[in-house]
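Chemist:
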Amino acid sequence: MSKLKTENYKGTRDFFPEEMKLRTWMFGVMKKIVQTFGYEEYDGPLLESLDIYKAKSGEEIVNRQLYNFTDKGGREVAIRPEMTPTLARMVASKSRELAKPIRWYSIPNLWRYEAPGHGRLREHWQLNVDLFGVTGFQAEVEIVQLACEILFAFGATSKHFKVRFSNRKVLNDFLGKTLGLEESKQQAVAKILDKKNKISVDEFNNLISEQLNKPETDLRLVNNFLNSTYTNLSQIAGIENENSKEIEAFQREMNKLGYGEVVMFDPSIIRGFDYYTGFIFEIFDTSPENKRSLYGGGRYDNLIGLFSNDELSGIGFGLGDVTLENFLRTHNLIPSFKKRTGIFACIQSESCFSEMAKISTKLRRVGLMIEMNLDGNLKLGKQIANAEKKGYEFVLIMGEEELKEQKINLKNLVSGEQKKISIDDLQLVIQSLTKT
Numbered sequence: 002m003s004k005l006k007t008e009n010y011k012g013t014r015d016f017f018p019e020e021m022k023l024r025t026w027m028f029g030v031m032k033k034i035v036q037t038f039g040y041e042e043y044d045g046p047l048l049e050s051l052d053i054y055k056a057k058s059g060e061e062i063v064n065r066q067l068y069n070f071t072d073k074g075g076r077e078v079a080i081r082p083e084m085t086p087t088l089a090r091m092v093a094s095k096s097r098e099l100a101k102p103i104r105w106y107s108i109p110n111l112w113r114y115e116a117p118g119h120g121r122l123r124e125h126w127q128l129n130v131d132l133f134g135v136t137g138f139q140a141e142v143e144i145v146q147l148a149c150e151i152l153f154a155f156g157a158t159s160k161h162f163k164v165r166f167s168n169r170k171v172l173n174d175f176l177g178k179t180l181g182l183e184e185s186k187q188q189a190v191a192k193i194l195d196k197k198n199k200i201s202v203d204e205f206n207n208l209i210s211e212q213l214n215k216p217e218t219d220l221r222l223v224n225n226f227l228n229s230t231y232t233n234l235s236q237i238a239g240i241e242n243e244n245s246k247e248i249e250a251f252q253r254e255m256n257k258l259g260y261g262e263v264v265m266f267d268p269s270i271i272r273g274f275d276y277y278t279g280f281i282f283e284i285f286d287t288s289p290e291n292k293r294s295l296y297g298g299g300r301y302d303n304l305i306g307l308f309s310n311d312e313l314s315g316i317g318f319g320l321g322d323v324t325l326e327n328f329l330r331t332h333n334l335i336p337s338f339k340k341r342t343g344i345f346a347c348i349q350s351e352s353c354f355s356e357m358a359k360i361s362t363k364l365r366r367v368g369l370m371i372e373m374n375l376d377g378n379l380k381l382g383k384q385i386a387n388a389e390k391k392g393y394e395f396v397l398i399m400g401e402e403e404l405k406e407q408k409i410n411l412k413n414l415v416s417g418e419q420k421k422i423s424i425d426d427l428q429l430v431i432q433s434l435t436k437t
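Encoded structure:
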């Protein structure tokens, strides 16, 4: 019988200890920041009814990217490609019991069947942050502020990324009232606008002209709209004054809070999910080596209406671990994880095992990390080499002589310094050396 292949499934990753250190660190930083804003962690099932994605996820996800099947009970289910529908279902189930506003976050495992590429895999983890129960633009301010603060917490600066935002209501005004397009053409034009920066100018003009009622004059209107700013948006005929004022109020508030250098209005921002109803935004890496959208989000006022008659406004964003890691690598923001903060314990004979095990247990119970060699026949040089390979700075060494004296050797593998310490004093000495 031939051996099974060791390759992982296409579009997934194996997380060896070194990769897990990076993932744990990234998740830890994200959790710390969102919690400072008062967000609480939640989670949901990996499997959901196929119906919730048919109702609220984009057509591309449902028709091309879902991992879905019929279970043994004849139910159509799908592995979650995004977290927002699950979140909406959970909030709807207890919406009247929950204190408002609701601030929740999660880092779920998500699956989409798509062609793997730079920043895009079939399996990934994604930080989801959502705020329910605030209808004013102050919710947009908090969500974008939080999205920025996460990158700042990793060491990024305003030169490393830009936040571009728009509003679905403004887009709907322009497509329906300014251009006078019927609904089917509005959707087609929106999709072309969404990929404007990925195609040539000629290709963009040709594609969009096919959808316009009066290509010669309407194309000029499209370009005027795409080049508009938050201060002159209200001058475009057909765009409701209330909607343009909302854009202006948000931008002015972000300027006051000191985010004006990174946050800017961009009417070409569309976002592909069908459930967005208002404010939308995306964060872009500014590096030529990774010039792409990192993550984004927006407002979805009608989402829980799929499950309940209650009305509850929501806004949120999702940050994938793959795009975040690419961003951090591009800007050299990932620290070294080679150094271990604990101690490696070496024994020079089997007779030392029990005593070293007792010492290690005592040290672990006060919060120290002790990894112990279990083979008393392994040469000391090999044990120390293993400790160095694992990234330890200190090792404990016990042999027959130390066992009789009730002492132990503590060696610094960086400086080479070694000293013999009484077992009774060991805890205090180690704690003083490993204190950060």
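2 is the number of the first residue of the sequence shown in the working numbering; add one for each residue after it.
Ideal Cβ placement from N, Cα and C applies to all residues, glycine included.
If you're wondering where the values come from, they're calculated on a predicted model, not measured in any experiment.
Along the chain, where does the beta strand (DSSP E) that runs through L48 open and close?
Modeler: Looking at the DSSP string, the run of the beta strand (DSSP E) that includes L48 is L48 to S50.
Chemist: Give the range of the alpha helix (DSSP H) segment to which D322 is assigned.
Modeler: First-last of the alpha helix (DSSP H) with D322: D322 to T331.
Chemist: Please report the distance separating the alpha-carbon of F318 from that of G181.
Modeler: Between F318 and G181, the C-alpha separation is close to 31 angstroms.
Chemist: Whole alpha helix (DSSP H) runs in the stretch 186-263 with 4 or more residues, listed along the chain?
Modeler: If we require 4 residues or more, the alpha helix (DSSP H) runs fully inside the stretch 186-263 come out as 202-210, 216-227 and 242-257.
Chemist: Ignoring anything shorter than 3 residues, give me the beta strand (DSSP E) runs that lie fully in the stretch 357-385, in order along the chain.
Modeler: Fully enclosed beta strand (DSSP E) runs of 3 or longer: 371-373.
Chemist: Any C-beta of chain B sitting closer than 7 angstroms to the C-beta of L147?
Modeler: As a matter of chain content, chain B is missing from the structure shown, which is built from one protein chain.
Chemist: According to the neighbour-count rule (16 or more other Cβ atoms, all chains shown, within 10 Å of its Cβ), is Q349 buried or exposed?
Modeler: Classification for Q349: buried.
Chemist: Below 8 angstroms CB to CB, which residues in the same chain sit around D267 once its five sequence neighbours on both sides are set aside?
Modeler: Cβ neighbours of D267 beyond the five flanking positions: R165, F166 and S167.
Chemist: Whole angstroms is fine: what's the gap from G315's alpha carbon to K292's?
Modeler: Straight-line Cα distance between these residues: approximately 29 angstroms.
Chemist: Please list the terminal residues of the continuous beta strand (DSSP E) segment that includes M399.
Modeler: Element bounds for M399: Y393 to M399.
Chemist: Whole angstroms are fine: how far does the CA of D15 sit from the CA of T7?
Modeler: So the alpha carbons of these two residues sit roughly 11 angstroms apart.
Chemist: Report all residues from its chain with a CB closer than 7 angstroms to the CB of Y231; omit the five preceding and five following residues, and keep chain order.
Modeler: If we look at Y231 and ignore the five residues flanking it on each side, its Cβ neighbours are I248, E249, Q252 and F266.
Chemist: Taking all protein chains shown into account, do 16 or more other C-beta atoms lie within 10 angstroms of the C-beta of N226, making it buried, or fewer, making it exposed?
Modeler: Looking at the sequence provided, one finds Phe at residue 226 rather than Asn. Burial call: buried.
Chemist: Does Y106 pass the burial test, meaning 16 or more other C-beta atoms within 10 Å, or should it be called exposed?
Modeler: Counting Cβ neighbours within 10 Å, Y106 comes out buried, since at least 16 surround it.
Chemist: Would you kindly report the start and end of the unbroken alpha helix (DSSP H) that includes L429?
Modeler: Counting along the chain, the alpha helix (DSSP H) containing L429 begins and ends at L427 to T435.
Chemist: Count the other CB atoms, across all protein chains shown, that sit within 10 Å of the CB of D286; report buried if there are 16 or more and exposed otherwise.
Modeler: D286 is buried by the Cβ-count criterion.
Chemist: Within its chain, find whatever has a CB closer than 6 angstroms to the CB of L295; leave out the 5 residues flanking it on each side and keep chain order.
Modeler: I284, D286, T324 and F328.
Chemist: Measuring straight from C-alpha to C-alpha, what distance separates E389 and P109?
Modeler: So the two alpha carbons sit approximately 35 angstroms from each other.
Chemist: In whole angstroms, give me the CA-to-CA distance for P117 and N9.
Modeler: P117 and N9: Cα-Cα distance of roughly 13 angstroms.
Chemist: Do Y301 and T331 have their C-beta atoms closer together than 7 angstroms?
Modeler: Their beta carbons are not under 7 angstroms apart, which means Y301 does not touch T331 by this criterion.
Chemist: By the DSSP assignment, the alpha helix (DSSP H) with V171 in it spans what residues?
Modeler: Start and end: R169 to D174.
Chemist: Exposed or buried, E98, counting other C-beta atoms within 10 Å across all chains shown (16 or more means buried)?
Modeler: E98 should be labelled exposed.
Chemist: Under the criterion of a Cβ to heavy atom distance below 6 angstroms, does G343 qualify as lining the ligand ZN?
Modeler: The ligand ZN is not among the ligands present in this structure, which contains no ligands whatsoever.
Chemist: Run the CB neighbour count on E141, radius 10 Å, all protein chains shown included, and call it buried at 16 or more, exposed below.
Modeler: Label assigned to E141: buried.
Chemist: Strictly by DSSP, which residues pair up with A148?
Modeler: In DSSP, A148 forms no bridge with anything.
Chemist: In whole angstroms, what separates the C-alpha of T437 from that of S269?
Modeler: Confidence in T437 is poor, its pLDDT being 48 and thus under 50, which makes the residue's placement unreliable; the coordinate value appears in the next sentence. Taking the straight line joining both Cα atoms gives about 48 angstroms.
Chemist: Counting only the same chain and skipping the five closest in sequence on each side, list residues whose C-beta sits under 6 angstroms from that of E326.
Modeler: For E326, where only same-chain residues beyond five positions count, there are no Cβ hits under 6 angstroms.
Chemist: Please determine, among R76, A56 and M31, the residue with the shortest C-alpha to C-alpha distance to L48.
Modeler: That would be R76, whose Cα lies nearest to the Cα of L48.
Chemist: I'd like to confirm the pairing. Which residues does DSSP put opposite E124 in its beta bridges?
Modeler: Note: E124 sits in a beta bridge opposite W112.
Chemist: How many Å lie between M1 and H125 at the Cα?
Modeler: There is no way to answer for residue 1, as the model of the chain reaches only from 2 to 437.
Chemist: Candidates A386, C353 and K363: which alpha carbon is nearest E406's?
Modeler: When only C-alpha atoms are compared, the closest one is C353.
Chemist: Return the chain-ordered list of same chain residues with a C-beta closer than 7 angstroms to the C-beta of P102, the five sequence neighbours on each side being excluded.
Modeler: Answer for P102: L132, F133, G134 and V135, listed in chain order.
Chemist: Answer with buried or exposed for H161, where buried requires no fewer than 16 other C-beta atoms within 10 angstroms of its C-beta.
Modeler: Counting Cβ neighbours within 10 Å, H161 comes out buried, since at least 16 surround it.
Chemist: Going by beta-carbon coordinates alone, are V190 and L176 separated by less than 7 angstroms?
Modeler: Yes.
Chemist: According to DSSP, is Q36 part of a helix, a strand, or is it coil?
Modeler: DSSP places Q36 in helix when its eight states are reduced to three.
Chemist: Roughly how many whole angstroms lie between the Cα atoms of K196 and F38?
Modeler: Their backbone Cα atoms lie some 34 angstroms apart in a straight line.
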